Structures are given as structure tokens and as C-alpha cells.
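Encoded as C-alpha cells, the structure appears first; notes follow it.
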Amino acid sequence: MAKYLLIESRDPFEVNDVRYYYDLAAALAKEGDVTLFLVQNGVLPARRCEPSRHLTVLAAAGVRVLADEFSLRERGIAAGRLAEGVAAAGLDVVIDQLAEGRKALWH
Amino acid sequence: MAEKKTLTFALMDAPYENARTTTALRLIDAALRRGFNVNVFAYEGAIGIPSAKQAPHPNAVHGRDVIQEDHPNPKEWVAALIKEAEKLGGKLDWVQCGLCVDERGIGEWITGPRRGSPADFVKFIEDSDNTLVIPTK
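One line per chain: the protein sequences are A and B, in this order.
Per the numbering used here, numbering of the first sequence is gapless, rising by one per residue and ending at 123.
Per the numbering used here, numbering of the second sequence is gapless, rising by one per residue and ending at 159.
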């Protein structure tokens with residue numbers, strides 16, 4: 017099974033093509049193991065809000081949705097406010113998944 | 023003991039402009055701390071990250087002098103990463119794209135990074151366990 021690491025650094029409130037990246041994650045998850053790692057302004061939809069439903073749907077479809085702890089702290093988003101299906105994680109996850117040879121893509 | 027794994031990062035953003043630079047340096051730090059060797063290919067504006075002529079400045083608006091302002095410069099972060107790699111017994115090989123250096127006239131940088139070309143990036147990719155390209159918009 018192919019393994020993918022998709023890193024999303026952009027904010028869907030500002031950049032519409034973030035949704036296409038979520039779609040890519042969903043499509044890849046049909047055939048592979050996918051982690052969607054949110055970082056920088058990419059973590060903004062991780063807090064419970066209208067757009068976070070897309071992340072919850074992704075998680076239900078088998079995508080592992082993680083949000084960078086540091087980026088969350090910078091933006092005052094407490095771990096207890098994360099949307100269903102989203103978990104906080106450190107950058108070590110990115111390093112470990114790169115080391116295991118996942119196909120990695122930054123957006 | 024197994025040979026250390028190597029990760030390569032390609033950076034493209036100029037310093038002081040985007041959070042991607044901070045995230046990239048955090049990733050390099052995390053990789054070194056986890057015991058990996060790290061290659062960096064600094065392309066386009068990213069060749070300015072270790073630029074030697076970066077200087078801290080005061081903040082007249084807030085009435086702070088240069089010491090009070092404590093303005094961070096990315097060259098110091100790169101120097102710290104190089105030192106960290108040595109301390110951990112790892113390796114941080116930072117290549118500055120020579121074409122990009124010449125275009126921008128930024129040919130002086132701190133001790134550690136070396137001048138190279140896109141061919142070095144190809145070699146990095148071939149010799150690494152994985153590569154992450156962090157592009158500009």
C-alpha cells in the first residue's frame with residue numbers, strides 16, 4: 017500500500033485551493049495510507065468551525081489528520097477545541113514519516 | 023549500528039518573508055534531534071537565509087534599542103543548527119545555489135554552508151532517504 021504525507025500550510029479561509037488538497041487526500045486514501053499534516057495557517061480550520069467539517073469527513077474516510085502543536089499554540093487554539101477527527105502532533109511525525117519513505121508533498 | 027538516515031530539504035523562500043522559513047528550520051532541527059543527517063538545498067531567495075551581513079536593529083516605534091529589541095536573524099539559527107549537528111554527531115550539509123547567489127549578489131554567508139548548483143540537489147535526492155521540497159507560492 018502506498019503511503020503519503022500531505023502537508024497543508026495554507027488557510028482555507030484565504031486560499032480556495034486548499035479544498036482541492038483535501039480532495040487529493042481523500043482520493044489517495046481510497047488506495048493508500050494518508051497523513052494530512054496541518055501547519056502554520058493550515059491549522060486554522062482544525063478548531064471547531066464551519067470548514068472543519070471537511071477535516072472530520074477526511075478523518076472518517078481514513079485520512080490521519082494532524083495539526084502542528086506549535087502552530088496551534090501560536091494561534092491560541094487549545095487542543096480541547098480541535099474538531100472531531102483532528103489530533104495535535106509535533107513535527108517529529110513529519111520527520112519520522114519522511115524517514116520511512118512516504119511520498120511527501122507540501123502545499 | 024545502522025547507518026544514519028539522511029533527509030533532504032529544498033528551501034525557496036527568502037528570509038523575513040514567510041512562516042515557511044521558520045517551519046523549514048524547525049523541521050531541520052527536529053530531524054537533527056532525531057539523529058538524521060540533513061541536506062539543505064537553498065534555492066532562489068532562500069540563499070539569503072545564512073547571509074553574513076544580516077544585522078539586528080532597534081525599534082524606534084516601540085522605543086527599544088538594539089539590545090532590548092533582540093531582533094532574531096536567521097543566520098544565527100542556521101549557525102545554531104550547524105553547531106547542533108556537530109554536537110549530536112550528525113551532519114548538516116547546506117548548499118547555496120550558485121546561480122541564485124550570483125543573481126542576487128549575496129555571496130557572503132556564515133561558516134558552514136557551501137556554494138553549489140542544482141546538480142547538487144539532484145545528488146542530494148539520489149543519496150537521501152527522502153526529500154521534501156518547500157516551495158514558494
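C-beta: ideal position from N, C-alpha, C; glycine also.
The model shown is predicted, which means the values in this text are computed figures rather than measured ones.
message = Buried or exposed for Arg42 (chain B), going by 16 or more other Cβ atoms inside 10 Å?
response = Taking all protein chains in view, the Cβ of Arg42 (chain B) is crowded by 16 or more other Cβ atoms within 10 Å, so the residue is classified as buried.
query = Would you say Phe58 (chain B) and Leu29 (chain B) are within 7 Å of each other, going by their C-beta atoms?
reply = Closer than 7 Å, so yes.
DSSP beta-bridge partners of Gly138 (chain B) = Partner(s): B:Cys119.
message = Please report the distance separating the alpha-carbon of Ala83 (chain A) from that of Val83 (chain B).
response = Spanning the two alpha carbons is a distance of roughly 35 Å.
query = Should Gly96 (chain A) be labelled buried (16 or more other beta-carbon atoms within 10 Å of its own) or exposed?
reply = Exposed, by the Cβ-count rule.
CB contact below 7 Å: Leu107 (chain A) versus chain B = At least one chain B Cβ lies under 7 Å of Leu107 (chain A).
message = Please classify Val8 (chain A) as buried or exposed, where buried requires at least 16 other C-beta atoms within 10 Å of its C-beta.
response = Since the first residue shown for chain A is 17 and the last is 123, residue 8 (chain A) is missing from the structure and cannot be characterised.
key: Ala53 (chain B): contacting residues in chain A (beta-carbon distance under 7 Å)   = Correct list: Ile111.
key: Contact residues within the segment 142 to 153 of chain B, judged by C-beta distance below 9 Å to chain A   = Against chain A - using a Cβ distance shorter than 9 Å - the residues of the segment 142 to 153 of chain B are Asp151, Asn152, Thr153.
query = What are the boundary residues of the beta strand (DSSP E) that Leu35 (chain A) is part of?
reply = Per the sequence shown, residue 35 (chain A) should be read as Arg rather than Leu. For Arg35 (chain A), there is no enclosing beta strand (DSSP E); the residue is found in the alpha helix (DSSP H) stretching over 34 to 45.
query = Does the segment 71 to 88 of chain A come within contact of the segment 113 to 127 of chain B, defined as at least 3 CB pairs closer than 8 Å?
reply = With the rule of 3 Cβ pairs closer than 8 Å, the segment 71 to 88 of chain A does not count as touching the segment 113 to 127 of chain B.
request  = State yes or no: is the C-beta of Gly67 (chain B) within less than 7 Å of the C-beta of Ile128 (chain B)?
outcome  = No; because the gap between Cβ atoms is not below 7 Å, this pair is not in contact.
ask   = Does the segment 62 to 72 of chain A come close enough to the segment 97 to 105 of chain A that 3 or more CB-CB pairs lie under 8 Å?
value = Yes, they touch.
task = Would you list the residues sitting across from Ser73 (chain B) in a DSSP beta bridge?
result = B:Trp131.
ask   = What are the boundary residues of the alpha helix (DSSP H) that Ala52 (chain B) is part of?
value = According to the DSSP assignment, Ala52 (chain B) belongs to the alpha helix (DSSP H) that extends over 41 to 55.
The segment 29 to 45 of chain B: positions lying closer than 7 Å to chain A by Cβ = For the segment 29 to 45 of chain B, the set of positions with a beta-carbon nearer than 7 Å to some beta-carbon of chain A reads Leu29, Ala41, Arg42, Thr45 in chain order.
ask   = Rounded to whole angstroms, how far is the Cβ of Leu22 (chain A) from the Cβ of Leu60 (chain A), which I believe are closer than 8 Å?
value = Their Cβ separation, rounded to whole angstroms, is 17 Å, which puts Leu22 (chain A) and Leu60 (chain A) out of contact at 8 Å.
Backbone CA spacing between Val88 (chain B) and Gln76 (chain B) [nearest angstrom] = Rounded to the nearest angstrom, the two C-alpha atoms are 13 Å apart.
query = From B:Ile104, B:Trp99, B:Ala36, B:Thr45, pick the residue whose C-alpha is nearest to that of Gly134 (chain B); which is it?
reply = The residue with the shortest Cα to Cα distance from Gly134 (chain B) is B:Ile104.
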